[in-house]
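> For our numbering, count along the sequence shown from 1 and bump the result up by 19.
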Amino acid sequence: MLTAAEAAFVDLGVQAPVRTTAERAGVGVGTVYRRFPTRADLVGAVHLHQVQECTALAAALREQPIPALEALERWMAAYVDFLVTKHGLSEALLSQDPSPANLHALGLDELVPTCSSLLVASQDAGEVDPQVGAFPLLRAVGSPSVPGPGHGKDEARQMVARLLTGCRTRCAHLPHRE
20 MLTAAEAAFV
30 DLGVQAPVRT
40 TAERAGVGVG
50 TVYRRFPTRA
60 DLVGAVHLHQ
70 VQECTALAAA
80 LREQPIPALE
90 ALERWMAAYV
100 DFLVTKHGLS
110 EALLSQDPSP
120 ANLHALGLDE
130 LVPTCSSLLV
140 ASQDAGEVDP
150 QVGAFPLLRA
160 VGSPSVPGPG
170 HGKDEARQMV
180 ARLLTGCRTR
190 CAHLPHRE
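(1) Taking the C-alpha atoms as reference points, what is the distance between His-66 and Tyr-98?
(2) Within the stretch 139-182, note down every full alpha helix (DSSP H) run reaching 4 residues or more, in order along the chain.
(3) Report buried or exposed for Glu-92, applying the criterion of at least 16 other Cβ atoms within 10 angstroms of its Cβ.
(4) By Cβ distance, which residues of its chain are closer than 8 Å to Gly-171, with the 5 residues on each side in sequence left out?
(5) Can you check which of these residues, Ser-141, Glu-72, Arg-176, is closest to Glu-200 by C-alpha distance?
(6) According to DSSP, Arg-81 sits in a beta bridge with which residue or residues?
(7) Going by C-alpha distance, which of Gly-126, Arg-43, Glu-42, Gly-152 is nearest Leu-137?
(8) Throw me the rounded Cβ distance for the Thr-22 and Cys-73 pair, which I believe falls under 8 Å.
(9) Quick one: measure Cβ to Cβ for Ala-27 and Arg-43, integer angstroms, because I've assumed they're closer than 8 Å.
(10) Count the other CB atoms within 10 Å of the CB of Ala-35; is the residue buried (16 or more) or exposed (fewer)?
(11) Are the Cβ atoms of Val-139 and Phe-154 separated by less than 7 Å?
(12) Return the Cβ separation of Pro-163 and Met-178 in integer angstroms, given the expectation that the two are a contact with Cβ distance under 8 Å.
(13) With C-beta atoms as the reference, is Val-51 less than 7 Å away from Thr-40?
(14) Can you name, in chain order, every residue of its own chain whose Cβ lies under 7 Å from the Cβ of Gly-47, other than the five neighbours on each side?
(15) Quick one: residues in its chain with C-beta nearer than 6 Å to the C-beta of Arg-38, no 5 flanking neighbours on either side, listed in chain order?
(16) By alpha-carbon positions, which one of Gly-45, Leu-182, Glu-129, Gly-185 ends up nearest to Ala-77?
(17) I'd like the span of the alpha helix (DSSP H) that includes Val-103, first residue to last.
(18) Just how far apart, CA to CA, sit Gln-150 and Met-20?
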């Protein structure tokens, strides 16, 4: 059900009808409501599931024999995918319902240290400017990841790749300007 809800959120935003999630999951609407009595419960479950997936991915990438910068780039691409599913969540965060704001805070509590672990490894390897911080980087990735007309996941990933290029340390092969 969480995968179906995530797909519905990507296509229709977090206000997607529960029946859409039920249809995509191959279950009845009652089954969704028994598991998630309110929309906030469903949104929260999807959000927390995705945060856990992002955290697990970072751990898996750190274990792979790949350059630290490549691990950071792969994780940031997954983070963009995570953000794209939050279409419409910003409106919910501004509403009177405190649940989405709490979700946002809980997500940051997990994602900032997760990003930091990959970022610090890239900085220790001399690949990323040591002045780049995890929280500012995550915030900078947020805006390009908001889908809109003519701007979806692919465009967001391209912009984030450019952003990460700007975070790199001065490459030895680039000419030095006096």
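We treat Cβ as the ideally placed atom computed from N, Cα and C, and that holds for glycine.
Working from what's here:
(1) 12 Å
(2) 153-161
(3) buried
(4) Val-103
(5) Shown here, the chain extends from 20 to 197; a query on residue 200 therefore has no answer.
(6) BP columns for Arg-81 are empty, so no partner.
(7) Gly-152
(8) Actually they are not in contact, since the Cβ atoms of Thr-22 and Cys-73 sit about 15 Å apart, beyond 8 Å.
(9) 6 Å
(10) buried
(11) no
(12) 4 Å
(13) yes
(14) Ala-41
(15) Val-48
(16) Glu-129
(17) 87-103
(18) 41 Å
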